[in-house]
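All you need for the working numbering is the position in the sequence shown, starting with 1, plus 111.
Structure first, then comments.
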Amino acid sequence: MIDLHCHILPALDDGAENENSASAMLRSAAASGVDVLAATSHYSRFAEENYDRVFAQIQELAKRENITLVPGMEYDYDRLTEIPPEKLRGVGGSQTLLLDLKESYVTSGVSALLFDLGLKGKSILIAHPERLWRLNYRDCLAALPQASISLQINSGSLLGCYGRNVRRAAWRILEEFPRCLIADDAHRASGFRFAGCREALLTAFDEGVVKLWMEVNPQRVLRDLPLLSCLPGGNWKQKLRRWKLKYW
Numbered sequence: 112m113i114d115l116h117c118h119i120l121p122a123l124d125d126g127a128e129n130e131n132s133a134s135a136m137l138r139s140a141a142a143s144g145v146d147v148l149a150a151t152s153h154y155s156r157f158a159e160e161n162y163d164r165v166f167a168q169i170q171e172l173a174k175r176e177n178i179t180l181v182p183g184m185e186y187d188y189d190r191l192t193e194i195p196p197e198k199l200r201g202v203g204g205s206q207t208l209l210l211d212l213k214e215s216y217v218t219s220g221v222s223a224l225l226f227d228l229g230l231k232g233k234s235i236l237i238a239h240p241e242r243l244w245r246l247n248y249r250d251c252l253a254a255l256p257q258a259s260i261s262l263q264i265n266s267g268s269l270l271g272c273y274g275r276n277v278r279r280a281a282w283r284i285l286e287e288f289p290r291c292l293i294a295d296d297a298h299r300a301s302g303f304r305f306a307g308c309r310e311a312l313l314t315a316f317d318e319g320v321v322k323l324w325m326e327v328n329p330q331r332v333l334r335d336l337p338l339l340s341c342l343p344g345g346n347w348k349q350k351l352r353r354w355k356l357k358y359w
């Protein structure tokens, strides 16, 4: 499986603290079924200046776990204007930018900025939009330029790790928004939840749909192809209610 959101590069952000922590994260990722992992550190000037050096170090460790480590960066909306578009790091070297809107950043200027980036050939992958539930994520997403927007749902959100409201929002986004993929957003070794998340999704959805979210669409990001659309429909809520963890 392909995980396009992870904070594994040590001492660049609030993720891995050192090389030992990064090694533990790589082992956990491999055990969860991840074979391609994007090192998407939170953007800062410090992280940008040191990124290539630290990435090269952890890339060698990843090879030992048979994981392909690819570059990337997670950007806060309010930092985008200070970075020239040609300096932005797309996920896996693609033209897709991983963007964290955050609740305090959802303003009328978001749509205009993202539209401008779209004109410059950039696609936007919104990180964990389920966390916008307090602002009504439906309204937030409706205000964005839909043509260049895709959504990345956290595996932990689907498993209820961040509370009931975030969990409900995550499952509903998969039902309502056609272009989605799933990532771990791991900051520690315990953050790799792909295996458990896949089990939960397979309880509710067909295998082809789950593969689309966890393998096909992430691969299309890396290849600079548009995400495939999917609105699963059906009686997935009833199936999920019967699952042993009883999410609903």
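Ideal Cβ positions, reconstructed from N, Cα and C, are used throughout, including at glycine.
These numbers were taken from a predicted model, which means no experiment stands behind them.
Using C-beta distances below 8 Å, list every residue in its chain close to residue i, excluding the 5 sequence neighbours before and after it, in chain order.
| i | result |
| --- | --- |
| residue 146 | 112, 113, 177, 178, 179 |
| residue 125 | 118, 153, 298 |
| residue 129 | 121, 122 |
| residue 168 | 130 |
| residue 141 | 176, 177, 178 |
Between the options, which has its C-alpha nearest residue i's C-alpha?
| i | options | result |
| --- | --- | --- |
| residue 321 | 162, 266, 140, 119 | 266 |
| residue 165 | 278, 119, 295 | 119 |
| residue 158 | 241, 314, 123, 262 | 123 |
| residue 189 | 174, 312, 213, 196 | 213 |
| residue 260 | 168, 289, 187, 135 | 289 |
| residue 287 | 240, 141, 296 | 240 |
| residue 148 | 167, 154, 173, 269 | 173 |
| residue 238 | 232, 185, 200, 283 | 185 |
| residue 264 | 243, 292, 273, 275 | 292 |
| residue 268 | 308, 315, 317 | 308 |
| residue 160 | 199, 141, 242, 274 | 199 |
| residue 183 | 327, 242, 312, 235 | 235 |
| residue 116 | 195, 167, 325, 243 | 325 |
| residue 294 | 135, 195, 327 | 327 |
| residue 311 | 281, 338, 335 | 281 |
| residue 181 | 196, 334, 323, 191 | 334 |
For a test of your reading of the model: does the CB of residue i fall under 8 Å from any non-hydrogen atom of the ligand NAD? Yes or no.
| i | result |
| --- | --- |
| residue 178 | The model depicted lacks the ligand NAD and carries no ligand whatsoever. |
Reducing DSSP to helix, strand and coil, say where residue i ends up.
| i | result |
| --- | --- |
| residue 143 | coil |
| residue 184 | strand |
| residue 284 | helix |
| residue 113 | strand |
| residue 120 | coil |
| residue 341 | coil |
| residue 315 | helix |
| residue 152 | strand |
| residue 125 | coil |
Could you tell me which residues DSSP pairs with residue i in its beta bridges?
| i | result |
| --- | --- |
| residue 237 | 210, 262 |
| residue 292 | 263 |
| residue 192 | Residue 192 pairs with nothing; no bridge assigned. |
| residue 297 | 117 |
Using C-beta distances below 6 Å, list every residue in its chain close to residue i, excluding the 5 sequence neighbours before and after it, in chain order.
| i | result |
| --- | --- |
| residue 227 | none |
| residue 342 | 289 |
| residue 143 | 303, 305, 306 |
| residue 187 | 211 |
Which residues in the same chain have their Cβ closer than 7 Å to the Cβ of residue i, if we skip the five residues on either side of it in sequence?
| i | result |
| --- | --- |
| residue 262 | 237, 240, 284, 288, 290, 291 |
| residue 329 | 113, 115, 292 |
Item to check | contact_flag[the segment 296 to 305, the segment 193 to 208] where n(CB pairs < 8 Å) is 3 or more | outcome: Pairwise C-beta distances place the segment 296 to 305 out of contact with the segment 193 to 208, as fewer than three of them are shorter than 8 Å.
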